[in-house]
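Residue numbers (this note's numbering): 311 to 861.
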């Protein structure tokens, strides 16, 4: 039975070693956003029970953001199921389903239910007949037989609860892994019923006289398969001990408390789907799984039987992506700290105190005009303002606004204008804005997606804006007096501006963002040329971010 230990070690290390070449890195993410699309400042991903902690974090009263709500994972698995025991196993099969939920970024719990069929066939005629139930063993003894060729077929059910530890999702030098190496340990309730093919179709024992046991193992097994009728009519002997359910006599299903151990490697195919290769061993502490517990000379075999399940697992993440992040074992919690260090969005940075000898508001380090007289307005470089750019600072300029065509000026900033009529001002009058016939962008239902025909209208608006580079556009949404309506109006205005800036290359500062307070069609976003009186922001924060729509 020493071969059991080698098989266990070989299975574990081969699984992990062979899959290492698949490791990949995820691309870097923007500041404030962890790999997987989670913004740690967004309260939409935080459950009510942890909102108090998140508010404390957002108010800089706590340095720890709340753990986000993440998805459940439904798994379907299939693979090779067998017993590592005293009888060499044949190819078996198993199927199962599971449900997994994270406890944190490393540990998760997985509940599973599995069905399996295991088979075994020896190549030696040396198993004592004492392993067989009494009536069958008596038939062998009456025929003058003391041994038989061990074989079995076992039907098993298994309900398990496993603790899984992801070994490599916390990474110091990359944003996110595409491959998850994990180990597991847990508890199973294992139920099995094993049968043996010990009698032929007439109820007589097999004498194996036609089998050449000096041939190769392959040939022996082939001959045995042709010789045995494959009926598995005999209930295997069971261990005499107290059961959890039913009784422990042959012919009844056996139940065992069991220990699970295993390891696997999970390949991420998308944000919701992954495919894993897993090796799981179950220890039911029972030497009767294969129907053989006595070796040569009637001595108990030294090791307990072991259940092996090598499977492929397809996992699907379940949940609303706008309220749940992907499973935490796929996320790197260090992304929050690294993104804040690289580009602070939430960090409280103290106001620096820098020397300013002349008191003009520009620190000495950046002041290009030190010793400016007190009270003199200065520009960002610390130099006195010169509004008309004539070279005479305003506080000395007796003609504060001298047209360029009247320059150069004298020491008092007074210029000499060469002509008295309006032709002198050619080129200095701001041109009028020629944006005409700007459309309204119509949305269907509660959608925030811009249809193709509406995109064509926006393409025309972009062409007009390129021809009028000094013009701005007011983008106005319409909302009812409800939170959902206000957020929908904001989402639609944001969708129009985002399309114009990201798809059509128009600068964001050429838009004025309005999403409420103006009556109009609730399903439309109106565009109009800005007037000199229009002076609003090009972006406002969402009024109700937890109600945002992505499509």
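Glycine is no exception: its CB is placed at the ideal position from the N, C-alpha and C atoms.
Just so we're clear, the structure is a prediction, and the values are computed from it rather than from any experiment.
Review point. Can you list, in chain order, the stretches of the beta strand (DSSP E) that have 3 or more residues and sit fully within the stretch 339 to 384?
Key: none
So the beta strand (DSSP E) residue 588 belongs to, where does it begin and stop? 583 to 593
- Task: Evaluate contact between the stretch 432 to 439 and the stretch 496 to 503, counting only Cβ atoms and requiring at least three cross-stretch pairs below 8 Å.
- Result: Contact between the stretch 432 to 439 and the stretch 496 to 503 is absent, because fewer than three Cβ pairs lie under 8 Å.
* Asked: Among 592, 614, 594, which has the Cα closest to the Cα of residue 602?
  -> 614
Whole beta strand (DSSP E) runs in the stretch 631 to 676 with 3 or more residues, listed along the chain?
Within the stretch 631 to 676, no run of beta strand (DSSP E) reaches 3 residues while sitting entirely inside it.
Self-check item: Reduced DSSP secondary structure (H/G/I, E/B, other) of residue 444
Solution: helix
> Cβ of residue 612 less than 9 Å from any chain B Cβ?
Replying inline: The structure shown contains no chain B; it holds only a single protein chain.
Open item on the list: Does residue 759 pass the burial test, meaning 16 or more other C-beta atoms within 10 Å, or should it be called exposed?
Closed with: exposed
- [ ] Note down, in chain order, each residue of its chain lying with its Cβ closer than 7 Å to the Cβ of residue 637, except the 5 sequence neighbours on either side.
- [x] 380, 381, 383, 412, 627
Excluding sequence positions up to five away, which residues of its chain have a Cβ less than 7 Å from the Cβ of residue 633?
Take residue 633, set aside five residues on each side of it, and the residues of its chain with a beta-carbon closer than 7 Å to its own are 354, 355, 379, in chain order.
Among 723, 822, 832, which has the Cα closest to the Cα of residue 841? 822
* Asked: Of the choices 836, 855, 820, 654, whose alpha-carbon is the least far from that of residue 845?
  -> Among 836, 855, 820, 654, the Cα nearest to that of residue 845 belongs to 820.
Rounded separation between residue 754 and residue 743 - CA only = 32 Å
Open item on the list: Need the endpoints of the alpha helix (DSSP H) that residue 609 sits in, please.
Closed with: Run containing residue 609: none; DSSP gives neither H nor E here.
Item checked: Short Cβ contact (9 Å threshold) for residue 584 with residue 490 -> yes
Beta-bridge pairing of residue 489 - partner residues as DSSP gives them: 577
- Counting Cβ pairs, one atom from each stretch, are 3 or more of them under 8 Å apart for the stretch 415 to 422 and the stretch 439 to 457? no
Check: In terms of residue numbering, what span does the beta strand (DSSP E) encompassing residue 623 cover?
Finding: 616 to 628
* **Those residues which DSSP pairs with residue 752 across a bridge** => 834
Quiz item: What are the start and end residues of each continuous alpha helix (DSSP H) run of 4 or more residues lying completely inside the stretch 736 to 820, in chain order?
Solution: DSSP runs (the alpha helix (DSSP H)) wholly in the stretch 736 to 820: 762 to 777, 793 to 808.
Closer than 6 Å by C-beta to residue 563: which residues in its own chain qualify, once you throw out the five before and the five after it? Chain order, please. Counting only Cβ-Cβ distances below 6 Å, and skipping sequence neighbours, we find 501, 503.
What did DSSP end up calling residue 534 once you bin it into helix, strand or coil? helix
Practice prompt. Output the boundary residues of the beta strand (DSSP E) element that contains residue 410.
Written response: 399 to 412
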